[in-house]
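For the sequence shown, the positions run 1 to 324 when UniProt numbering is used. The structure under discussion appears below in the form of structure tokens.
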Amino acid sequence: MTVLLRLSLIFFFLSGCSGQSSTPVASWRHADDGAYAADISADASLSVVSSVTEGISVWDLQKNEKRYTWQHQGEGSNLVANVHIAFDNTYVVTADRDAFALWNITSGEPEGFWRIDESSIRDVAVSNQGRGILVGRGNGKVMFFEPKTGRRLEFLGHQEKVNSVDLSPNGFYALTGGNDYAAYLWDTRTGQVIHTFTHSSRVTKVALDDEGRYGFTADSKRDARVWDLATGEEVSNLHYLARQKIFSTAVFSQDGQYLLTGSPAKRLNLWRVADGKEVQEWQVSPREGSRPQTAVVYGVGFAKHNQVVSESSSGLAEFWQINQ
1 MTVLLRLSLI
11 FFFLSGCSGQ
21 SSTPVASWRH
31 ADDGAYAADI
41 SADASLSVVS
51 SVTEGISVWD
61 LQKNEKRYTW
71 QHQGEGSNLV
81 ANVHIAFDNT
91 YVVTADRDAF
101 ALWNITSGEP
111 EGFWRIDESS
121 IRDVAVSNQG
131 RGILVGRGNG
141 KVMFFEPKTG
151 RRLEFLGHQE
161 KVNSVDLSPN
171 GFYALTGGND
181 YAAYLWDTRT
191 GQVIHTFTHS
201 SRVTKVALDD
211 EGRYGFTADS
221 KRDARVWDLA
231 TGEEVSNLHY
241 LARQKIFSTA
251 VFSQDGQYLL
261 TGSPAKRLNL
271 WRVADGKEVQ
281 EWQVSPREGS
291 RPQTAVVYGV
301 GFAKHNQVVS
311 ESSSGLAEFW
321 QINQ
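This is the structure:
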């Protein structure tokens with residue numbers, strides 16, 4: 001066997017072992033000019049997509065029907081870069097750099113609009129029934145706000161810019177990560193830190209398991225870890241060969257066995273929580289004519305029929321089959 005043939009076979013087997021696929025089961029266009037932000041509901045029945053020219057669209061992912069079109073600040077270009085759907089599908093919070101809004105999914109109407117003057121908004125999250133909104137800011141402060149009561153609490157644990165936030169469905173617990181190399185799990189009722197998760201570089205993404213079992217924190221270099229929220233101990237560190245891997249979104253499966261992540265480099269990955277090993281990888285479709293040919297994965301979810309679903313900057317919702 002020649003060296004060239006041997007190397008070709010090795011490459012073939014490595015490629016086959018990665019479980020990579022670029023062919024979706026279904027593909028639906030949700031933003032003609034591409035998306036600026038998106039989120040998928042916990043049960044994968046809804047998605048909310050922000051587009052510069054088309055505003056904010058709410059989609060029924062079971063019927064592929066548009067339910068609402070919202071405008072964050074009236075006329076002009078829509079610059080909403082952060083979207084989060086409550087776990088119970090009752091409310092959505094949207095935010096640009098300067099303001100955030102709360103929307104009722106049942107009625108399709110807005111229920112509040114608030115401007116932030118002190119510092120730019122970096123990320124947002126909302127709890128069930130819209131009872132609490134979490135706002136991470138560029139000055140290192142995180143605000144927890146209750147729209148119905150007006151209660152406001154500022155978490156001052158971070159020393160630098162906050163990059164990512166998440167909120168438990170009941171609104172009692174927040175997970176926040178920032179440029180100070182730290183992620184904090186803290187109580188929104190008291191502001192007290194429950195666990196501190198340290199990294200060797202800036203924390204770029206955090207995510208909470210909706211059942212309260214796990215937390216996910218990832219930095220800008222090589223560490224992407226799953227934590228036991230009860231003990232604060234590490235469960236696993238995701239295994240990948242790249243020197244650097246940035247995550248743009250992450251969700252846990254309902255049974256807590258898997259973590260689904262998206263990246264700014266069109267990658268969609270399924271991981272086993274127990275040992276951090278990759279189960280499968282997909283590549284979302286880039287927008288036609290875009291240069292370079294890539295896409296940011298904004299939202300991911302576990303769908304029916306052993307599938308996962310993604311919303312990306314290409315403006316496409318794509319369904320992918322899990323090979324199990």
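All residues carry an ideal CB built from backbone N, CA and C; glycine is no exception.
- In this structure, DSSP gives Gln-62 a state outside helix and strand, which the three-state scheme calls coil.
- Between Tyr-258 and Leu-270, the C-beta spacing is below 8 angstroms.
- Note: Val-25 is not bridge-paired with any residue in the DSSP secondary-structure output.
- Contact between Ala-250 and Lys-205 holds: their C-beta atoms lie close to 6 angstroms from each other, under 8 angstroms.
- Under the DSSP assignment, Asn-128 falls outside any beta strand (DSSP E); it carries neither an H nor an E label.
- The beta carbon of Leu-175 sits closer than 6 angstroms to those of Asp-166, Leu-185, Val-206, Leu-208, Gly-215, all from its chain and outside the five residues before and after it, given in chain order.
- Around the beta-carbon of Gln-192, fewer than 16 other beta-carbon atoms lie within 10 Å, marking it exposed.
- For Gly-112, the uninterrupted beta strand (DSSP E) segment begins and ends at 110-115.
- Nearest neighbour of Gly-171 by Cα position, chosen from Phe-144, Phe-197, Leu-268, turns out to be Phe-144.
- In the DSSP annotation of this structure, the continuous segment of the beta strand (DSSP E) that includes Asn-237 starts and ends at 234-237.
- Assignment of Val-251 by DSSP, reduced to helix, strand and coil, places it in the strand class.
- Put simply, the stretch 148-160 does not touch the stretch 116-125. Fewer than three CB pairs are less than 8 angstroms apart.
- Its Cα nearest to that of Tyr-181, the residue Ala-224 stands out among Thr-261, Ile-56, Ala-224.
- Where Asp-98 is concerned, there is no enclosing beta strand (DSSP E), because DSSP gives it neither an H nor an E.
- Non-local C-beta neighbours of Asn-163 in its own chain, meaning closer than 8 angstroms and more than five positions away in sequence, comprise Arg-122, Asp-123, Gly-136, Gly-177, Gly-178, Asn-179, Arg-202, Val-203, Thr-204, Lys-205, ordered along the chain.
- Across the set Asp-210, Thr-198, Ala-230, Glu-318, the C-alpha of Thr-198 shows the shortest separation from the C-alpha of Thr-217.
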